[in-house]
Ligand code: PGA
């Protein structure tokens, strides 16, 4: 983390978990446990679309911003089952996850659709959390850096320097998601540093310094502190551990510690 230049953001990604009732129970539990407000870090939880309204009400007092897990890029029309960016911003959604590897893997998301979604989210006044990451095979082939740079460049194609300040990038190695296998802090820090240097090439040093880059992939209450100690890791995108109030709170507390 480097708080002099950028926000630390801890974001939960609930994926396809929790009903409206369970969302309210989570919020009640958090209220009991959460005694010290985080001074240094913003908190977000991205929930299934059908629970956005419930979560917005339940998380209000906790000051946890509500995010969405996906969006469609067209503004309206005959796209059965899809949700437009304006519909999300209308519900007070602040962040939208775009290009999560599960969407790339199971739902045909490509670098091109990710780029269109990034524009849709920005045009609706929200912040995209843009996920990038390599598979184990790609890491073993030694092409991680080129691949991630390409994903970042594609996602940001046509995005202005003004708009990019609202973007969050999440580095999520595919092999670390939901597997219990975390990238080492050094591995994660190295890729996040390279992402920042790609942004520097595209937008210059001032912009790159101010962008929040998260790590995601089996981040938990035990490894958060070490990962967040890396200078280019400014937060986390957390799946499994964000479903459990005690664990999520422990990660928030790790992100909120004073920096030496
Ligand atoms: P995980 O998920 O923390 O359960 O690995 C992270 C993510 O997919 O965003």
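Numbering (the working numbering), first residue to last: -11 to 248.
Every residue, glycine too, gets a C-beta built ideally from N, C-alpha and C.
Contact test: residue i Cβ vs the ligand PGA heavy atom, cutoff 7 Å
i, result
"residue 160", "yes"
"residue 223", "no"
"residue 142", "no"
"residue 229", "yes"
"residue 206", "yes"
"residue 1", "yes"
"residue 55", "no"
"residue 107", "no"
"residue 88", "yes"
"residue 166", "yes"
"residue 226", "yes"
Cα-Cα separation between residue i and residue j, rounded to whole angstroms
i, j, result
"residue 206", "residue 227", "7 Å"
"residue 144", "residue 103", "6 Å"
"residue 47", "residue 19", "9 Å"
"residue 55", "residue 180", "22 Å"
"residue 112", "residue 98", "21 Å"
"residue 80", "residue 137", "32 Å"
"residue 106", "residue 118", "8 Å"
Chain E contact for residue i (CB, 8 Å cutoff)
i, result
"residue 115", "Looking for chain E here will not work: only one protein chain is present."
Those residues which DSSP pairs with residue i across a bridge
i, result
"residue 34", "1 and 55"
"residue 268", "Since the displayed the chain opens at -11 and closes at 248, residue 268 lies outside it and no answer follows."
"residue 60", "72"
"residue 29", "-4"
Local conformation of residue i per DSSP, three classes
i, result
"residue 77", "helix"
"residue -4", "strand"
"residue 224", "strand"
"residue 116", "strand"
"residue 85", "strand"
"residue 248", "Since pLDDT at residue 248 reaches only 43, below the 50 mark, its modelled position is unreliable, and the value read off the structure follows with that caveat. Here residue 248 sits in coil by DSSP."
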